[in-house]
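To start, the structure under review is shown below, and the notes come after it.
Numbering (this note's numbering), first residue to last: 7 to 217.
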């Protein structure tokens, strides 16, 4: 029987009129939103101002996000994810110090330094922003702290019932108060002192020196 030849598969084409979301335009819009948040705050943030700063039309923004709230929620989550590594120095003290350095780096970010207090104020009036901040800031730190504590427990450095929530409070609270609210530089040796306090709060009973 004669074999029938199959027609070559043609590449799929983008439907006529479909918008192609160019990554460089998306990046420009995100950068513009950050700058607008730092300049005017969330309450006065507008799609028109963002479009003008990004050098795009409003339609380019609406193709990506339906309103300003989803843009801001997206950016808050991205900011937290970029700055939080998974510390693994091989010792509790080294892991805690690395975690503190990451949190401090986020809070020193010039844009985050401006917009986090404003977003926290908005969170008191907007449940969606409050939930996004909890997820992006608190939950990400909680996950990192849990990983650090779990490894320290496995190494026998701290007891299995160590209080992870307390560790997160001690890690983020003092840094937020000094860097964001007080807008002050950290004194020399401050992170080392805070690391020692957190290790003690977790019940560390053995030396926890960093590599």
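Ideal Cβ positions, reconstructed from N, Cα and C, are used throughout, including at glycine.
According to the DSSP assignment, residue 200 belongs to the alpha helix (DSSP H) that extends over 196-207.
With a beta-carbon spacing of about 34 angstroms, residue 66 and residue 109 fall beyond the 8 angstroms limit used to define contacts.
Between residue 105 and residue 148, the C-beta gap is not smaller than 9 angstroms, which leaves the two residues out of contact.
Of all C-beta pairs linking the segment 179-188 to the segment 148-166, fewer than three are shorter than 8 angstroms, placing the two stretches out of contact. With 16 or more other Cβ atoms from the protein chains shown falling within 10 Å of its own Cβ, residue 155 counts as buried. Distance from the CA of residue 121 to the CA of residue 44, rounded to the nearest whole angstrom, comes to 5 angstroms. Three or more beta-carbon pairs separated by less than 8 angstroms link the segment 40-60 to the segment 71-81, which places the two stretches in contact.
A check of alpha carbon separations from residue 81 across 57, 167, 32 identifies 32 as the nearest. Taking 9 angstroms as the cut-off, the beta carbon of residue 38 is found closer than this to the beta carbon of residue 56. By the CB criterion at 9 angstroms, residue 79 and residue 135 fall inside the cutoff.
Of the candidates 47, 62, 204, 204 places its Cα closest to the Cα of residue 164. Here residue 193 is exposed. Its C-beta has fewer than 16 other C-beta atoms within 10 Å.
Per the coordinates, the alpha-carbon of residue 202 lies some 49 angstroms from the alpha-carbon of residue 69. Assignment of alpha helix (DSSP H) within the segment 33-95, counting only whole runs of 4 or more residues, yields 53-60, 64-68, 74-89 in chain order.
Just measuring C-alpha positions, the residue of 130, 166, 145 sitting nearest residue 209 is 166. An exposed status is given to residue 29, since fewer than 16 other beta-carbon atoms sit within 10 Å of its beta-carbon. Check the Cα spacing between residue 115 and each of 98, 61, 145, 40: the tightest is with 40. Counting along the chain, no alpha helix (DSSP H) covers residue 167, and no H or E run does either.
Residue 189 counts as exposed, since fewer than 16 other beta carbons sit within 10 angstroms of its beta carbon.
Non-local beta-carbon contacts of residue 62 in its own chain, meaning distances under 7 angstroms to residues more than five positions away in sequence, involve 31, 34, 35 in chain order.
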